[in-house]
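Following: one structure in structure tokens, then a few remarks.
Numbering (my numbering), first residue to last: 751 to 1275.
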């Protein structure tokens, strides 16, 4: 069902219903932004509940995260549940509350502006946007890894992998520049494919047991489900399985991203679409992680730890090679489309910042399909530059190691670690914004609360504490201990993250000053 072709001169009306939450909130908290009004006029309101849910699943459910959880045995299932209860659900609750109060394009950008003003909003958005190019690279790299899994003789050299990455990233840019309705049809189809992969993996576990095979993992020992560390007063030493806490908990990052396009939700009951896509998405994501982790533990056991192809090998073992190939193709398609989703979703951060005069106005330029061309092309160029550096230049300089592949891995995982910390830091502002907005105007907050206020505040505090612990755990535990020991990881990743935070703070000062000056000029001319 494609909509009519969108012309460049069309103005779309997607304004909130009279007397809705938007108008009330704009008067109660910080002043409104230009982007709030511009987006609903310039971009087509095509997103529905189904579309938001599909984006949520593609962003939040990375089936390869299961390979990390498997390393903990049954405790991996415990970590998924603990992370969901104490981080994922608080993230969803905070996002729902903020989204209902301020259903504007840019999500965290707009919400932080209401709570902290222009400086805080730009700084937090900078931290939230920084992971964008790395995520585009990472999803492309996962797609390349699955291509290699289909044939180990393919793409063996870093430069070959780099060429494949460039093709996938450029493809994501081309697709992201098309009509949103067409893109969304592709995303919705891919959700069907990834859920098919989940079903095949889970059925593999059941068939394995039904065939009389013994489970590769003993689920009967309660101790194997426990979260452990040593010594008792320091969970960040790497002893026990607590090192998985940060990796698994931060696998739930990205809850707010579908609402980066809140200004493009179809007219009608926005509140219902915002709340229900979070509920459905949360249930599907958590259930999928649990089912796939269980099945891999049953068939492969902890031998599948950190093996990206573990899900496919599970299906191969239980259902045969044909079913395994179908699973691999479903997962591969998901990674390619996830690259597209990250590209156009994060482009909304740049678009609204440009509209509000925080960055050059050319970044917000729209094409005839009403896609933010400047933002998407900028992200694509930066991502391609990283590919050239990480896979085609640095590995062959012979300054960081002996094997080009090892050097590529070291640089890549350090950058991924830094991006994860920045993203987690920005996500914590979901909870900080809730607490700040409540402190600013308690009566208005209460009148628009979607759950009891004490529950919302308690959830925000719990989510903030758990998010901080996950950040520390990620900082103290290397993603690749054989190549980068924990101590070296802490220094390198910690220092780079600190430098980026400083740059973000300085950039926010400049952006806020420029926006204030342009606003002054407009009012005096």
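We put the CB at the ideal spot given by N, CA and C, even for glycine.
Tell me which residues share the same chain as residue 928 and place their Cβ nearer than 8 Å to its Cβ, disregarding the 5 neighbours each side in the sequence. When the five nearest sequence neighbours on each side are left out, the beta carbons in the same chain lying within less than 8 Å of the beta carbon of residue 928 are those of 1119 and 1121, in order along the chain.
Beta bridge counterpart(s) of residue 979 as assigned by DSSP: Answer by DSSP bridge pairing, in chain order: 990.
Check residue 793 in the structure and name its three-state DSSP category. Residue 793 falls in the coil class under three-state DSSP.
So, residue 1105 versus residue 896, is the Cβ gap smaller than 9 Å? With contacts defined as CB atoms closer than 9 Å, residue 1105 and residue 896 fail to qualify as a contacting pair.
Starting from residue 815 and walking both ways along the alpha helix (DSSP H), at which residues does that stretch end? Counting along the chain, no alpha helix (DSSP H) covers residue 815, and no H or E run does either.
Would you list the one or two residues that DSSP bridges to residue 786? For residue 786, which the question treats as bridged, DSSP gives no partner whatsoever.
Should the region 864 to 874 be regarded as contacting the region 1172 to 1187, the criterion being three or more beta carbon pairs within less than 8 Å? In short, these stretches touch, since the Cβ pair count reaches three.
If you draw a straight line from the C-alpha of residue 1004 to the C-alpha of residue 1116, how long is it? One C-alpha to the other measures close to 25 Å.
Figure out for me which residue from 924, 1144 and 1243 has the closest Cα to the Cα of residue 1226. Per the Cα distances, 1243.
Which of helix, strand or coil does DSSP assign to residue 1116? If DSSP states are grouped into helix, strand and coil, residue 1116 belongs with the strands.
Excluding the 5 residues flanking residue 1203 on each side, which residues of the same chain have their C-beta closer than 6 Å to its C-beta? Spatial neighbours of residue 1203 in its own chain (CB-CB distance under 6 Å, excluding positions within 5 residues in sequence) are listed in chain order as 1196.
In the DSSP assignment, what are the bridge partners of residue 1015? For residue 1015, which the question treats as bridged, DSSP gives the partners 797.
Taking the alpha helix (DSSP H) that residue 1214 belongs to, which residues open and close that run? Here the alpha helix (DSSP H) through residue 1214 covers 1203 to 1226.
Look at the alpha carbon of residue 838 and the alpha carbon of residue 1259, and state the distance between them as a whole number of angstroms. Spanning the two alpha carbons is a distance of roughly 32 Å.
Alpha helix (DSSP H) containing residue 722: first to last residue? No statement about residue 722 is possible, as the shown extent of the chain runs from 751 to 1275 and does not include it.
Beta-carbon spacing of residue 823, residue 1052 below 9 Å: Going by beta carbons, residue 823 and residue 1052 fall inside the 9 Å limit.
Neighbourhood of residue 1058 by C-beta distance below 8 Å, restricted to the same chain and skipping five residues each side: Excluding residues within five positions, the ones whose Cβ falls inside 8 Å are 814, 817, 892, 895, 896 and 899.
Name the DSSP bridge partner or partners of residue 855? Answer is 1011.
What did DSSP end up calling residue 1232 once you bin it into helix, strand or coil? In the structure shown, residue 1232 sits in coil (DSSP, three-state: anything other than H, G, I, E or B).
Look up residue 840 in the DSSP assignment and say whether it is helix, strand or coil. Residue 840 falls in the helix class under three-state DSSP.
Buried or exposed, going by whether 16 or more other CB atoms sit within 10 Å of the CB of residue 973? Burial state of residue 973 is exposed, judged by a 10 Å Cβ sphere holding fewer than 16 other Cβ atoms.
Three or more C-beta pairs below 8 Å linking the region 959 to 966 and the region 804 to 813: The region 959 to 966 vs the region 804 to 813: no contact.
Is residue 1185 helix, strand or coil when you go by DSSP? Residue 1185: helix per DSSP, three-state reduction.
Over what stretch of residues does the alpha helix (DSSP H) that includes residue 1026 continue unbroken? Per DSSP, the unbroken alpha helix (DSSP H) holding residue 1026 starts and ends at 1020 to 1049.
What are the boundary residues of the alpha helix (DSSP H) that residue 826 is part of? Taken as a continuous stretch (DSSP letters only), the alpha helix (DSSP H) holding residue 826 covers 824 to 833.
Are the beta-carbon atoms of residue 1137 and residue 919 separated by less than 9 Å? Result yes, Cβ atoms of residue 1137 and residue 919 sit closer than 9 Å.
Rounded to whole angstroms, how far is the Cβ of residue 1065 from the Cβ of residue 1073, which I believe are closer than 8 Å? The beta carbons of residue 1065 and residue 1073 sit about 5 Å from each other, so the pair counts as a contact at 8 Å.
Cβ neighbours of residue 988 in the same chain (closer than 7 Å, five flanking residues each side left out): Once the five neighbours on either side are set aside, the close Cβ partners of residue 988 are 1227 and 1236.
When you compare each of 916, 1145 and 792 to residue 886 by their alpha carbons, which one comes out closest? Taking only the C-alpha atoms, the option nearest residue 886 is 916.
Using the C-alpha atoms, what's the distance from residue 1099 back to residue 858? Between the C-alpha atoms of residue 858 and residue 1099 there is a straight-line separation of about 9 Å.
Starting from the Cα of residue 997, find the closest Cα among 1006, 1233, 1170 and 844 and give me that residue. Cα-wise, what sits closest to residue 997 is 1170.
Closest residue to residue 936 among 1084, 1220 and 1177 (Cα-Cα distance): That would be 1084, whose Cα lies nearest to the Cα of residue 936.
Continuous alpha helix (DSSP H) stretch holding residue 918: start and end: Counting along the chain, the alpha helix (DSSP H) containing residue 918 begins and ends at 908 to 926.
Cα-Cα separation between residue 1192 and residue 852, rounded to whole angstroms: Whole-angstrom Cα-Cα distance: 16 Å.
In this structure, what does DSSP give as the bridge partners for residue 1122? Partner(s): 1116.
For residue 1147, the three-state DSSP class (helix, strand or coil): The DSSP-derived three-state label of residue 1147 is coil.
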